[in-house]
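Residue numbers (this note's numbering): 53 to 304.
Report on the structure given below.
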């Protein structure tokens, strides 16, 4: 493998990790360009929805173009921070190709939080928001229960391979139906407050914010795509909750 190919592989791997874990398009492009500059090359990077295009230009004018597909899987700020630290180290002291590649592979293998930890975090998020938006402590406890169940079911549904829109409709149905069920079983719980808190675990806040930031940085293709994705997710959640309320209030 030639030098240009090695530089391109390192830069694209770092960019792919960033994009797959929810980083903004401008951050991906800056990181890719930084890694290319560290090895004395110029990198022209374009981040599009679903992939990265890169052209590396050497000191003597030779060019090498490559692309990779990178779909966002989830939001993992820990991996994003690891790649940010990696690119800063590379800017100061470029590493040999094999050593840099090994560090990127180690970042890719970095452990995720376990399912119980993620479920507990989702439950706490829903409970806190339920109280924050004016609910009682009972509403917060109910939101924690609904959030925990919703998160576990969403994890299971995600492994079945359903498309994203249907997943979020299903999540909204569970939150709406679960909140009404808890209200019917426990008289002191208000379903509206429970839904308001529980729904926060599904709201794509990071995607929406990143879309706006990309638009402000001038990357309209990636920004509009992410902003539209967030709106579609919000519509899907609203549909699920709405159907649950319409059907559930007639039964419970």
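Ideal placement from N, C-alpha and C gives every residue a C-beta, glycine not left out.
Next item on the list: Give the single residue among 146, 234, 167 and 116 whose Cα lies nearest to the Cα of residue 94.
Entry: Residue 94 has its Cα closest to that of 116, out of 146, 234, 167 and 116.
Note to self: Let me make sure I understand the geometry here. Which of 92, 66 and 101 has the alpha-carbon closest to that of residue 112?
What the structure shows: In terms of Cα proximity to residue 112, the closest of 92, 66 and 101 is 92.
Notebook entry, point to check: Which parts of the segment 236–275 are runs of the beta strand (DSSP E), unbroken and 3 residues or longer, counting only runs that do not cross its ends?
Noted result: List check, beta strand (DSSP E) in window: nothing returned.
Margin query: With H, G and I counted as helix, E and B as strand and the rest as coil, what does DSSP make of residue 122?
Written below: It is coil, neither helix nor strand.
Item checked: Check whether residue 243 and residue 198 have beta carbons under 7 Å apart -> No, they are not a contact pair.
Check: Between residue 190 and residue 241, is the Cβ-Cβ spacing less than 7 Å?
Finding: Yes.
Check: Leaving out the 5 sequence neighbours to the left and right, which residues in its chain are closer than 7 Å to residue 221 when beta-carbon positions are compared?
Finding: Here the set comprises 288, 291 and 292.
Notebook entry, point to check: Which residue comes first and which comes last in the alpha helix (DSSP H) that contains residue 177?
Noted result: Where residue 177 is concerned, the enclosing alpha helix (DSSP H) stretches over 167–184.
Margin query: Buried or exposed, going by whether 16 or more other CB atoms sit within 10 Å of the CB of residue 298?
Written below: The residue in question, residue 298, is exposed, as its Cβ has fewer than 16 Cβ neighbours within 10 Å.
Checklist line | Those runs of the alpha helix (DSSP H) which lie wholly inside the segment 139–170 and span at least 4 residues | finding: Segments of the alpha helix (DSSP H) lying fully in the segment 139–170: 149–160.
Item checked: Proximity below 7 Å, CB of residue 203 to CB of residue 171 -> For residue 203 and residue 171, yes; Cβs fall inside 7 Å.
Check: Since residue 296 and residue 213 are thought to touch, with beta carbons under 8 Å apart, how far apart are those beta carbons, to the nearest angstrom?
Finding: Separation of the CB atoms of residue 296 and residue 213 is rounded to 24 Å, and the pair is thereby denied contact status at 8 Å.
Note to self: Please classify residue 165 as buried or exposed, where buried requires at least 16 neighbouring CB atoms within 10 angstroms.
What the structure shows: Looking at its Cβ environment, which holds fewer than 16 other Cβ atoms inside 10 Å, residue 165 is exposed.
Notebook entry, point to check: With distances taken from CA atoms, which of 60, 217 and 183 is nearest residue 120?
Noted result: Nearest C-alpha to residue 120 among 60, 217 and 183: 60.
Next item on the list: Output the distance between the C-alpha atoms of residue 261 and residue 284, rounded to the nearest integer angstrom.
Entry: In this structure, the straight-line span from the alpha carbon of residue 261 to that of residue 284 is close to 15 Å.
Margin query: Measuring CB atoms only, is the segment 67–83 touching the segment 264–278, in the sense that at least three cross pairs come out at less than 8 Å?
Written below: Yes, they touch.
Next item on the list: State buried or exposed for residue 150, treating a residue as buried only when at least 16 other CB atoms are found within 10 Å of its CB.
Entry: Residue 150 is exposed by the Cβ-count criterion.
Next item on the list: Run the CB neighbour count on residue 218, radius 10 Å, all protein chains shown included, and call it buried at 16 or more, exposed below.
Entry: Looking at its Cβ environment, which holds fewer than 16 other Cβ atoms inside 10 Å, residue 218 is exposed.
Note to self: Suppose the cutoff is 7 Å on Cβ atoms and the five residues either side in sequence are ignored; what does the same chain contact list for residue 252 look like?
What the structure shows: Taking C-beta separations shorter than 7 Å and ignoring five residues to either side along the sequence, the partners of residue 252 in its chain run 177, 178 and 181, following chain order.
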